[in-house]
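A short write-up of the structure that comes next.
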Amino acid sequence: MFSDAVATFQPPVCNEVSVRARENVRTATSTADIEITGLSKTFDNSRRVLQDIHFSIPQGQAVALIGHNGSGKSTLLRCCLRLIQPSSGSIVLLGKEIIGLGKAELRDMRAQVGFVFQRHNLVQRLSVLTNVLHGVQARKKGLRTWFQSMAMQEDREEAMAKLQSVGLAHLAGQRVDQLSGGESQRVAIARALMQRPKMVLADEPVASLDPRAGDEVMNLFLRRIKDEGLTLLFVSHNLDHALSYADRIIGLRDGKFELDAPAKSENIESLRELYG
Ligand SMILES: Nc1ncnc2c1ncn2[C@@H]1O[C@H](COP(=O)(O)OP(=O)(O)O)[C@@H](O)[C@H]1O
Ligand SMILES: [Mg+2]
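In this text, residue positions in the sequence shown follow this note's numbering: the first is 7, and each later residue adds one.
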């Protein structure tokens, strides 16, 4: 599901983190799916966008990442997959340090992580079913994963099941450019699930939808995540979504880690003062 730009991404050499990566730190004693330590990011020697971030997310937890515009949420999420190369720090995903991984290892690691963007990046002129089937490319290669008409029957059936699980089986043959925004985002979710990911990262997955469609898609998204027992880190600028759908909320302010609390214990009014 990653674009060509990502596939050809060449991270700059970064000695501080490469040394750590060569040690290939493994968290044998930890059940955290994401473990971030001392993560910092500075773009082009300007101000620090992320400063010394630490947190971990245990397997199966759904975490909302909140913060004002420009606070570094997208940068943090992209660093988690090394779509952006951190300036320093450690990122252990699924027990493996990803800083300094080679191209092939990084690709294998990314294949285990579903990524849902605000803009869904579907192939507009192809059918819904073919787009979902593309999720299989994370774990299988070959031309037969490109079009549903050429797909292995087992893959086509699995893609149909994923579509069914997001309530869109009836639109399998439709071109994506004929879908509503909410339907498109459901297809993107089905495609991410088709990867059989171990965890999912989502950057404002419903920000482009109207409030009602946004609620529907978040509801469905979290149900699928919980049904499949996946770990989730999602960025949201919608506090109600963070409080309703996350197990835990973490907050950034000006690139610094500022809040870490169970979603149920938070008072929405005090959060609104900080992040509303
Ligand atoms: N590629 C980049 N080059 C330089 N600055 C960037 C780049 N990407 C993001 N930034 C800056 O980093 C800060 C955090 O951006 P971002 O992570 O997108 O914030 P958020 O997702 O919380 O709105 C912003 O000031 C933004 O302008
Ligand atoms: Mg953002």
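In this text, a Cβ means the ideal position worked out from N, Cα and C, and glycines have one as well.
query	result
Measuring alpha carbon to alpha carbon, tell me which of Ser-94, Glu-279 and Gly-261 ends up nearest Ser-80.	Gly-261
Could you pull the start and end residues of the beta strand (DSSP E) that Ala-267 belongs to?	262-268
In three-state DSSP terms, what is Ile-105?	coil
Any idea which residues DSSP pairs Gln-57 with across the strands?	Lys-262
Looking only at its chain, what residues have a beta carbon closer than 6 Å to the beta carbon of Lys-232, apart from the 5 residues adjacent to it on each side?	none
If you drop the 5 nearest sequence neighbours on each side, which residues of the same chain put their C-beta closer than 8 Å to that of Asp-183?	Gln-130 and Arg-131
Cβ of Ser-214 within 8 Å of any heavy atom in ligand 2?	no
What residues does ligand 2 have around it, judged by CB closer than 7 Å to any heavy atom, in chain order?	Lys-79, Ser-80, Asp-209, Glu-210 and Val-241
Ignore the nearest five residues each way along the sequence and tell me which others in Gly-235's own chain have a CB closer than 7 Å to its CB.	Gly-66
Could you compute how far the alpha carbon of Arg-53 sits from the alpha carbon of Arg-84?	18 Å
Nearest to Leu-239 by alpha carbon, out of Ile-59, Cys-86 and Leu-45?	Cys-86
Determine, using beta carbons only, whether Ile-40 and Leu-99 come nearer to each other than 9 Å.	yes
For the structure I just gave you, are there three or more beta carbon pairs, one from the stretch 114-121 and one from the stretch 187-205, closer than 8 Å?	yes
Quick check: Asp-221 and Val-241, are their CB atoms within less than 9 Å of each other?	no
Based on Cα-Cα distance, which residue from Lys-47, Ser-276 and Arg-113 lies nearest to Ile-90?	Lys-47
Can you give me the start and stop residues for the beta strand (DSSP E) that Leu-3 sits inside?	What the structure shows of the chain is the stretch from 7 to 282, and residue 3 is not part of that stretch, so it cannot be assessed.
Mapping DSSP to helix, strand and coil, what is Ala-208?	strand
Rounded to whole angstroms, what's the CA-CA distance from Gln-57 to Ser-77? Just pull it up for me.	11 Å
Can you tell me the Cα-Cα spacing of Leu-135 and Val-122, whole angstroms?	17 Å
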